């Protein structure tokens, strides 16, 4: 493999998964070899229990909840599923869920599978409070709304939802509904404890902020009626059965602490890098930003559409040039999949074919951005030259 | 040479990738995602993508998945349904080759800087003394796929490689086994990849078009039976019509979807002198009027002799001996009478 293995790689797919932080690797190594089930009673079991509860305290502080509200899961998807279906399972028959049309599939699919409804978004992919109010009014006519789920930051575009305003709308128009905020794409860039303070349920996922894959957290605030989805044990206060992934959870907590500790600096620096990358990428003719100029977005994402170019061959050439990026959504086979987010935003389908996401993180450098621009420009040139 | 190998997840394309890599070529495997429907089988299921990926891993080459589902829907599935509505008998694999594998994929490979595209088809690229190229039959007569590749010409053939075309199927499987490829004993794919085995064509079409019952009449117009779905009846069909008594053993000689009528007749009623080719494609230009050609009308059908007849605005083939009428929509492929393994071209029976 000569041409496909570039000497240096530029990783700009942090939103897909972020590199493991050294603090997390260290914590994992420390506890992966410890023998002890936290549900047991002997000394080694109690040690594992302490590690688990230390991690629980860490997340409670970072997410602004009581330690008892922290439920560890196998990842963001399980936490989202527990939030949506766990609430529906505990709700009166006939109750359903409401979410935006741009949710991650982890929310969207269970909402729709259980007969729920979606509310439309504006051109930037933002749920407008008046539109949510209207959606909840028409939902109320169809039956009781058990849970409303809001994606704090869109994983594809990086756009931020006005979470506080939307929660207020739910409280007014669907007072009986539980509010779930999917903060998976938000934790790196925003103080989730503050932005989700008014929500009942909050999801985060460790591998998005430098923890290991396979660890998620669902915050379940007091008073929320939630039925467990996994019922084969009493772990996590009966809300999630199964022996917890102690080493992974310890690593997740270490990554979360490190992320929160340098968040302010990282956001400022990465924002500058993202803008530099954007300037270079948008200077290529026919490349248009997916978000409008006034859209509120997080620092780490640059989403663009390339006119007249299909993102699939474009990603192939970027990859070959050592630049790891994404079209934002993909299916199990690895093929690029048409994005429901870009569709819901009303992007012209032809333009949407060229959807491309660069996502940055605390380890991204100026050189990464400059190299990515160079490879991107050459790839677009090449595809324009040979393909219609 | 830098080659993009279309890997379906079957043994033939697995070995094609292996042989090219073994011979020192720079190989990248790609599996086409063609169909997102419920039929998780055939050439585009997740299980087959897994097989292709793991074979690529085993060989030590890169593997990608390209999503051509939209083009597949437009150029293969939609025409497949429309053909049934019109009473034709389509061959979707040929349309997939024509519009997806050897159009889109070849163009994309060129755009991505590949010198050639390889597939696991049992066929050969024949280079003629004058340098022009034609599709040739694969070495293994039982597996020959030149029929489904008859539309390949000129610039596409310049960029195509069929690494298993000069090997028998047994040989291919032996190579796969020796190389430790997990697809070595995988059964050959059958039938249409986007149609599930359990529901079949009836369920697939029934979800897309209203299937209409029809009466079956004999050549004198006497009603002899009925079918539940006229769109599923194929010209030349004999079985599955539920005919009894004197009508049993009759062949379908006409299908009138709009009039909801199927006409059956004795074997001799199916015979015709000529077949007209729709949208013909030729490797080196149309054969001359009166040229003698060898004609094949199904994937592994027997070959019959015909002479080319140029009609105003159409090309037809006049059979030396009357032949059963080819169902409209089926491909009619001509081979060179002087070089019986070489494809001259072909078209779709009108």
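Residue numbers (my numbering), protein chains in the order written: chain A, 1 to 388; chain B, 1001 to 1350. The beta-carbon is built from N, C-alpha and C at its ideal position, and this holds for glycine as well. Just so it is clear, the structure is predicted and the values come from calculations on it, not from any experiment.
The alpha carbon of residue 1011 of chain B has as its nearest neighbour, out of B:1181, B:1046, B:1333, the alpha carbon of B:1181. By DSSP's assignment, residue 1063 of chain B forms a beta bridge with B:1029.
Counting only unbroken stretches of 3 or more residues, the beta strand (DSSP E) elements lying wholly within the region 242 to 315 of chain A are 287 to 289, 301 to 306, in sequence order.
A direct Cα-Cα distance of roughly 57 Å separates residue 1230 of chain B from residue 217 of chain A. In this structure, the alpha-carbon of residue 184 of chain A lies about 7 Å from that of residue 208 of chain A. With at least 16 other beta carbons inside 10 angstroms of its own, residue 1323 of chain B counts as buried. Within the same chain, Cβ atoms closer than 7 Å to the Cβ of residue 59 of chain A are found at 70, 217, 253, 256, the five residues on either side in sequence being excluded. Cβ neighbours of residue 1347 of chain B within its own chain (closer than 8 Å, five residues either side excluded): 1277, 1278, 1279, 1280, 1281, 1315, 1331, 1332. Interface residue (Cβ-Cβ distance to chain B less than 8 Å): residue 317 of chain A is classified as such.
Spanning the alpha carbons of residue 34 of chain A and residue 44 of chain A requires a straight line of approximately 8 Å. Against residue 383 of chain A, the close residues of chain B are 1111, 1112, in the order they occur along the chain (beta-carbon pairs closer than 9 Å). At a cut-off of 8 Å between C-beta atoms, residue 156 of chain A does not count as an interface residue with respect to chain B. For residue 11 of chain A, DSSP records a beta bridge to A:324. Beta-bridge analysis with DSSP links residue 117 of chain A to A:98. Looking at the DSSP output, residue 1282 of chain B bridges to B:1345. Beta-bridge annotation (DSSP): residue 1336 of chain B is paired with B:1293, B:1339. In the DSSP annotation of this structure, the continuous segment of the beta strand (DSSP E) that includes residue 150 of chain A starts and ends at 145 to 151.
Think of a sphere of 7 Å around the beta carbon of residue 8 of chain A: no beta carbon from chain B falls inside it, the nearest being about 18 Å out. Residues of chain B with a Cβ closer than 7 Å to the Cβ of residue 312 of chain A are, in chain order, 1066, 1067. Against chain A, the CB of residue 1108 of chain B has a partner CB under 8 Å away; the residue lies at that interface. Ranked by Cα distance from residue 1340 of chain B, the first of B:1105, B:1126, B:1031 is B:1126. When secondary structure is reduced to three states using DSSP, residue 1168 of chain B falls in the coil class, being assigned neither helix nor strand.
Straight through space, the alpha carbons of residue 1203 of chain B and residue 377 of chain A are spaced by roughly 48 Å. Here residue 1271 of chain B is exposed: its Cβ has fewer than 16 other Cβ atoms, across all protein chains shown, within 10 Å. The beta-carbon of residue 288 of chain A is placed no less than 8 Å from the nearest beta-carbon of chain B.
Non-local C-beta neighbours of residue 1176 of chain B in its own chain, meaning closer than 7 Å and more than five positions away in sequence, comprise 1011, 1014, 1015, 1183, 1184, ordered along the chain. In this structure, the beta-carbon distance from residue 1326 of chain B to residue 1349 of chain B falls below 8 Å.
A:222 is the residue among A:359, A:307, A:222 whose C-alpha sits nearest the C-alpha of residue 202 of chain A.
Under DSSP, the beta-bridge partners assigned to residue 1261 of chain B are B:1215, B:1256. Counting C-beta pairs closer than 8 Å gives fewer than three between the region 1092 to 1104 of chain B and the region 364 to 381 of chain A, which falls short of the contact rule. If the five residues before and after residue 1299 of chain B are omitted, its C-beta is found closer than 7 Å to the C-beta atoms of 1147, 1148, all from its own chain and listed in chain order. Within the same chain, and ignoring the five residues on either side of residue 1161 of chain B in sequence, the residues whose Cβ sits closer than 6 Å to its Cβ are 1116, 1118. For residue 184 of chain A, none of the residues of chain B pass the 7 Å Cβ criterion, the least Cβ distance being about 25 Å.
Interface criterion not met: the Cβ of residue 111 of chain A is under 8 Å from no Cβ in chain B. Within chain B, no C-beta atom comes nearer than 7 Å to that of residue 323 of chain A; the closest sits roughly 15 Å away. A Cβ-Cβ contact shorter than 8 Å links residue 1269 of chain B with residue 1253 of chain B.
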